[in-house]
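A short worksheet on the structure shown next.
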Amino acid sequence: MMCNQQLLIEEIKEHAMKNINSKDKKHLLQAINIFGLDHLDPIILAALTSKDPLLLIGDHGTAKSELLNRIAAALKLQHRHYNASLINFDDLLGYPIPNSERTALEYLRTPADLWEAESVFFDELSRCRPEHQNRLFSIIHEKRIQGIALEHLSYRWAAMNPPPSLDDEDEEVSNIYQGSLPLDTALADRFAYIANIPALSDMSLEVRRKLIECGGNVPSEDGVLSTLIETTQNHEKELSHGISEWIIAYVNALINPLREANLAISGRRAVLLVRCIRYIHVACRTLDTECTLNRSAFLAIKWGLPHRAQGIRIRESVLNTIHKLALTIAGEPENSIWHVIRSESNAVRRIVIALKTNIDDIGKIEFSQLVSDAWANLTRPEQFILARNLLPVLTEDRLTSSTYELLLEPIGKVIGFAESKNHEFNIQRSRAGEWDNLLSAVNRLKKTKDKDNLDLGNVLYTLFAVEDERFDPQTLIEINEEWRELFAEAETTRLVA
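FYI, in our numbering the residues of the sequence shown are 36 to 532.
Written out as structure tokens, the structure is:
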């Protein structure tokens, strides 16, 4: 009998749970030596492309200011950086003096005024005096000051420390900033994107090392950001009417669930969310990040709601529930992978299609359901074949523990058989022909000297001797070959995508 001592359940589990990600994605923030924020690349690129206001919230020393100032330098913008806690309105306008006829006031220009600025950054926004906050409304939302258009201004950015929570049951926070106050509701609503910047301790060891080693180096401008923005602008123009209609339906479906979750939004926010979804979706495309419209929509509500700037904690579990409800109401978008999956009649091929899809687009529960549905419709021998071909290509944590156990159970029986030194068979005369067919099939597998075929021999023996199954060995070998090719193709597609 054949015995492969390397075939162990522990190895299969480790291989199935290991995260292999060789995708060669484009990176926006790494291009300016900002590390640990790759997950925000689509958000920042969307904000730069749409030129909608962006607010960064994070602890001190998390590179909020550095990030925005480096972007301005990389894009060669006429940039203004103001500390909102110290700002006077004269800093923005210049000094008022009477005109030569003494009939009106004009402003004495200074190098720091706002009139020629292409980008403006208000730092420490949550420490700004209330009377000055009110004056920032029109700058941030309308690109106007005192009713006068700021003709050169494109980008409006701000940063702040986390405000104290207004929730009764506040989650534990690492730092409390006494001077950082929740933003006025109307001011917070002016920002299209409100992104949290993680602390250094939240990053992986590898990312922290890279940040410490290279984060202080300001890179020379090589046009990467400008190219990414231009590409994203072109992608946005190509969005279909069907996608636009779905986005509107999705945002409309969010209104009531958000209100019921005490996260009500204004009409302005609804309009901004439509823009956010569009631009995040095309930004993901530019960055070669696998992101369906469903996922883009979730990212938009995760980073496009103003409440965290007001001291209201937004829990991701709540957003997930609201998102799924809105998806149900709006229906699946035209480019949803689920249309492809549901159109496939073969349950195993549905799994293969899902394997080629990003884990963010088909979650653990949904993928596990696909596997369970297929399992229920297979014969016992086919279940063994599915388990041995599916487990090795599960390179991400894609299954629930109960579904993993479902797949591991037959593999455990094969290993138990393979590791036994002695086997005794009591073969009924009526099954002698089946036994001969099995031996012939196993001998053909041996001659190939292919490791997978040798392991398959143990599967066939286990099905006959342990499971007492009746099956045609050659048919099962052909099924194994077909499924092995399908799952290998799925793995290759994912790695080269």
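Glycine included, every Cβ here is placed at the ideal spot set by N, Cα and C.
Answer with buried or exposed for residue i, where buried requires no fewer than 16 other C-beta atoms within 10 angstroms of its C-beta.
{"i": "Phe124", "result": "exposed"}
{"i": "His342", "result": "buried"}
{"i": "Pro131", "result": "exposed"}
{"i": "Asn461", "result": "exposed"}
{"i": "Ala332", "result": "buried"}
{"i": "Cys249", "result": "exposed"}
{"i": "Leu64", "result": "buried"}
{"i": "Gly96", "result": "exposed"}
{"i": "Glu513", "result": "exposed"}
{"i": "Lys486", "result": "exposed"}
{"i": "His276", "result": "exposed"}
{"i": "Asn269", "result": "exposed"}
{"i": "Ala411", "result": "exposed"}
{"i": "Leu480", "result": "buried"}
{"i": "Ser57", "result": "For Ser57, the predicted structure reports a pLDDT of 35, less than 50, and the residue's modelled location is therefore unreliable. A value from the coordinates is still provided. By the 10 Å Cβ count, Ser57 comes out exposed."}
{"i": "Pro133", "result": "exposed"}
{"i": "Asp203", "result": "Only weak support exists for where Asp203 lies, its pLDDT of 49 falling under 50; the value from the coordinates is given anyway. That one is exposed."}
Expressed to the nearest angstrom, what Euclidean distance is found between the alpha-carbon atoms of residue i and residue j?
{"i": "Asn370", "j": "Leu110", "result": "33 Å"}
{"i": "Arg244", "j": "Phe70", "result": "10 Å"}
{"i": "Ala296", "j": "Asp224", "result": "18 Å"}
{"i": "Ala299", "j": "Ile92", "result": "21 Å"}
{"i": "Val597", "j": "Arg191", "result": "Not covered by the structure: residue 597. The range shown for the chain is 36 to 532."}
{"i": "Leu362", "j": "Pro77", "result": "21 Å"}
{"i": "Ala119", "j": "Asp158", "result": "6 Å"}
{"i": "Ile264", "j": "Cys311", "result": "15 Å"}
{"i": "Val494", "j": "Leu425", "result": "15 Å"}
{"i": "Ser239", "j": "Leu413", "result": "42 Å"}
{"i": "Pro197", "j": "Ile174", "result": "23 Å"}
{"i": "Trp373", "j": "Leu489", "result": "37 Å"}
{"i": "Ser261", "j": "Thr84", "result": "10 Å"}
{"i": "Thr527", "j": "Ala467", "result": "42 Å"}
{"i": "Ile376", "j": "Ile386", "result": "8 Å"}
{"i": "Asp205", "j": "Arg433", "result": "In this prediction, Asp205 has a pLDDT of 49, which is less than 50 and means its spatial position is unreliable; what the coordinates show is noted afterwards. Distance between the alpha carbons of Asp205 and Arg433: 32 Å."}
{"i": "Ile446", "j": "Glu379", "result": "27 Å"}
{"i": "Asp507", "j": "Ser465", "result": "15 Å"}
{"i": "Glu186", "j": "Ala227", "result": "20 Å"}
{"i": "Cys163", "j": "Ile180", "result": "17 Å"}
{"i": "Ala500", "j": "Ala476", "result": "15 Å"}
{"i": "Ile400", "j": "Leu354", "result": "17 Å"}
{"i": "Arg105", "j": "Leu143", "result": "29 Å"}
{"i": "Gly398", "j": "His358", "result": "13 Å"}
{"i": "Asp59", "j": "Arg303", "result": "With a pLDDT of 49 at Asp59, under the threshold of 50, the modelled position of that residue is not reliable, and no figure is offered here."}
{"i": "Glu351", "j": "Ile232", "result": "16 Å"}
Could you check which residue in the options has the C-alpha nearest to that of residue i?
{"i": "Met195", "options": "Leu185, Pro217, Leu289", "result": "Pro217"}
{"i": "Leu405", "options": "Val383, Arg162, Glu159", "result": "Val383"}
{"i": "Ala365", "options": "Gly451, Gly250, Arg170, Ala288", "result": "Ala288"}
{"i": "Ser215", "options": "Ile183, Gln345, Ala230, Thr97", "result": "Gln345"}
{"i": "Glu273", "options": "Leu240, Ala318, Glu248, Thr262", "result": "Ala318"}
{"i": "Asn252", "options": "Ile67, Ala305, Ala147, Leu83", "result": "Ile67"}
{"i": "Gln113", "options": "Leu334, Glu153, Ala409", "result": "Glu153"}
{"i": "Ile537", "options": "Asp94, Pro508, Leu360, Phe522", "result": "Examination of residue 537 is not possible in this model, given that the chain is present from 36 through 532 alone."}
{"i": "Gly182", "options": "Pro199, Gln213, Trp150", "result": "Trp150"}
{"i": "Leu521", "options": "Pro427, Ile290, Ala500, Tyr496", "result": "Pro427"}
{"i": "Leu474", "options": "Glu502, Gln509, Gln418", "result": "Gln509"}
{"i": "Ile450", "options": "Leu340, Ile349, Glu241, Ala422", "result": "Ala422"}
How about residue i: is its Cβ closer than 8 Å to a heavy atom in the ligand COA?
{"i": "Ala422", "result": "With respect to small molecules bound, the structure shown includes none, and the ligand COA cannot be examined in it."}
One question on the structure: do residue i and residue j come within less than 9 Å of each other, judged by their Cβ atoms?
{"i": "Arg505", "j": "Glu469", "result": "yes"}
{"i": "Cys326", "j": "Asp396", "result": "yes"}
{"i": "Leu491", "j": "Asn515", "result": "yes"}
{"i": "Asp87", "j": "Tyr314", "result": "yes"}
{"i": "Ala4", "j": "Phe172", "result": "One cannot answer for residue 4 here, as it falls past the ends of the chain, which runs 36 to 532."}
{"i": "Ser407", "j": "Leu429", "result": "no"}
{"i": "Leu89", "j": "Ala193", "result": "yes"}
{"i": "Leu80", "j": "Thr321", "result": "yes"}
{"i": "Ile278", "j": "Leu328", "result": "yes"}
{"i": "Lys391", "j": "Ala525", "result": "yes"}
{"i": "Leu360", "j": "Ile336", "result": "no"}
{"i": "Pro165", "j": "Trp281", "result": "no"}
{"i": "Thr435", "j": "Ser403", "result": "yes"}
{"i": "Leu75", "j": "Ala234", "result": "no"}
{"i": "Phe156", "j": "Ala98", "result": "no"}
{"i": "Asn291", "j": "Asp219", "result": "no"}
{"i": "Ile347", "j": "Ser161", "result": "no"}
{"i": "His176", "j": "Ile122", "result": "no"}
{"i": "Lys482", "j": "Asp323", "result": "no"}
{"i": "Leu293", "j": "Pro416", "result": "no"}
On the DSSP bridge assignment, give the partners of residue i in chain order.
{"i": "Glu141", "result": "Ile132"}
{"i": "Asp158", "result": "Asn118"}
{"i": "Ala234", "result": "DSSP lists no partner for Ala234."}
{"i": "Trp192", "result": "Leu89, Phe156"}
{"i": "Ile555", "result": "Nothing can be reported for residue 555: it is not among the residues displayed for the chain, which extend from 36 to 532."}
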